[in-house]
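Position in the sequence shown counted from 1, then plus 355, gives you the numbering used here. We treat Cβ as the ideally placed atom computed from N, Cα and C, and that holds for glycine. Note that the structure is a prediction, hence the values are computed from the model and not measured.
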Amino acid sequence: MNIAQKDFYVTWRRPLIWLVLALMSFIHAWLFWQMIDRYSQLQLSLQALPNPPSITQALWIPFILILAKLLMLLIAMTAGFSIAQERAQKTLWYLLINRTAYWSVVTAKLKAQWPIFIWIWLQLVVVTALLATGGKINPWQMITGAIGISLFVLWLMALGQLISSYCQSTGTAVLLNVVVFVMMWMLNGQALNEDYGLNWLSLVSPVHHLQWFGAGEVSLSSLLYFIGGCWLFMWLTTAQLKHLRKLI
Numbered sequence: 356m357n358i359a360q361k362d363f364y365v366t367w368r369r370p371l372i373w374l375v376l377a378l379m380s381f382i383h384a385w386l387f388w389q390m391i392d393r394y395s396q397l398q399l400s401l402q403a404l405p406n407p408p409s410i411t412q413a414l415w416i417p418f419i420l421i422l423a424k425l426l427m428l429l430i431a432m433t434a435g436f437s438i439a440q441e442r443a444q445k446t447l448w449y450l451l452i453n454r455t456a457y458w459s460v461v462t463a464k465l466k467a468q469w470p471i472f473i474w475i476w477l478q479l480v481v482v483t484a485l486l487a488t489g490g491k492i493n494p495w496q497m498i499t500g501a502i503g504i505s506l507f508v509l510w511l512m513a514l515g516q517l518i519s520s521y522c523q524s525t526g527t528a529v530l531l532n533v534v535v536f537v538m539m540w541m542l543n544g545q546a547l548n549e550d551y552g553l554n555w556l557s558l559v560s561p562v563h564h565l566q567w568f569g570a571g572e573v574s575l576s577s578l579l580y581f582i583g584g585c586w587l588f589m590w591l592t593t594a595q596l597k598h599l600r601k602l603i
């Protein structure tokens, strides 16, 4: 059994993970139903506008942001368990022994979290089908939104795994992941920009780039932010593993 398979079975055998996933599914479905109900009530008023928003513009970006918020807790748990669990159980040595490169360990830990992408894409397909029955949708905006949320999740996974490599307790790693993820989200807050005029600070937040993808805008800076950020976090994780190997 390789590292990815071992982590897959260990992570997804936890009842807490499935409980959180079920709770997220319920909350997400309920919130989306509320969004549709509210949009239906305001539809006549929106049609009176000179340039009324389409159903994609009115519901797609809020849906993407709600999904991203819910995913932060799940990723904080799965990524937090990845390396901190090995350190807590004193099994990290078995992963690092006789290895000269640790990149494969980092990528294997990320691969173990692939069921999250299955859940995301399932949500996207269902919501796209529902929106298509209610009006004309923008296929390009749907595709870019799906790409954006996938890159956002991968970015959070890499960051969470980096944080996990510095923790010796899974509880500490999960809690620290939640705190850091929430702080990164808050950097995109409109109140912060209005009070201090720090509009550039929102560029540091992954939410800002996710909103661009959700709006159908694929910029080189956003691609570099997500892909480059993932690579940087994974490289820093390998450097930390190399340091831990010397201490074992």
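Sorted by chain position, which residues of the same chain lie with C-beta nearer than 6 Å to residue i's C-beta, five sequence neighbours on each side aside?
i, result
"LEU578", "none"
"LEU511", "ILE430"
"MET432", "VAL529"
"ARG442", "GLN523"
"LEU509", "CYS585"
My output table needs one value for residue i: the three-state DSSP class, helix, strand or coil.
i, result
"GLY489", "helix"
"TRP469", "coil"
"ASN532", "helix"
"GLN523", "coil"
"PRO405", "coil"
"ILE452", "coil"
"LEU542", "coil"
"THR462", "helix"
"TYR457", "coil"
"THR483", "helix"
Where does residue i land, buried or exposed, given buried means 16+ other C-beta within 10 angstroms?
i, result
"PHE381", "exposed"
"ASP362", "buried"
"SER437", "buried"
"LEU465", "buried"
"SER520", "buried"
"HIS598", "exposed"
"GLY489", "exposed"
"TRP415", "buried"
"PRO370", "exposed"
"LEU397", "exposed"
"PRO604", "Residue 604 lies beyond the residue range present for the chain, which begins at 356 and ends at 603; the question has no answer from this structure."
"ILE473", "exposed"
"ALA513", "buried"
"ILE492", "buried"
"ILE452", "exposed"
"LEU478", "In the sequence on display, residue 478 carries Gln and not Leu. Label assigned to GLN478: buried."
"TYR449", "exposed"
"THR525", "buried"
In chain order, what residues of the same chain have a beta carbon less than 8 Å from the beta carbon of residue i, not counting five sequence neighbours either side?
i, result
"THR527", "ALA439"
"VAL559", "MET539 and LEU542"
"LEU516", "Rather than Leu, the amino acid found at residue 516 in this sequence is Gln. Excluding sequence neighbours, GLN516 sits near ALA434, SER437, ILE438, VAL461, LYS464, LEU465, PHE588, MET589 and THR592."
"ILE518", "ALA434, GLY435, ALA528, LEU531, ASN532 and VAL535"
"PRO417", "MET390"
"ILE582", "LEU506"
Locate the alpha helix (DSSP H) running through residue i, then write down its first and last residues.
i, result
"PRO561", "561-569"
"ARG442", "410-443"
"SER557", "Where SER557 is concerned, there is no enclosing alpha helix (DSSP H), given that its DSSP letter is neither H nor E."
"ALA594", "575-602"
"GLN360", "358-367"
"PRO494", "494-520"
Just checking: is the beta-carbon of residue i within a distance shorter than 8 Å of some beta-carbon in chain B?
i, result
"SER576", "No chain B is present in this structure, which holds just one protein chain."
With a CB to CB cut of under 7 Å and the five nearest residues on each side skipped, what residues in its chain are close to residue i?
i, result
"ALA467", "ALA359, ASP362, PHE363 and THR366"
"LEU429", "VAL375, LEU376, MET379 and ILE471"
"SER557", "LEU542, ASN543, ASN548 and HIS563"
"PHE568", "THR499, GLY500, ILE502, GLY503 and SER577"
"VAL482", "PHE387 and PHE418"
"ASN357", "ALA463"
"TRP495", "GLY571"
"LEU425", "MET379, ILE382 and HIS383"
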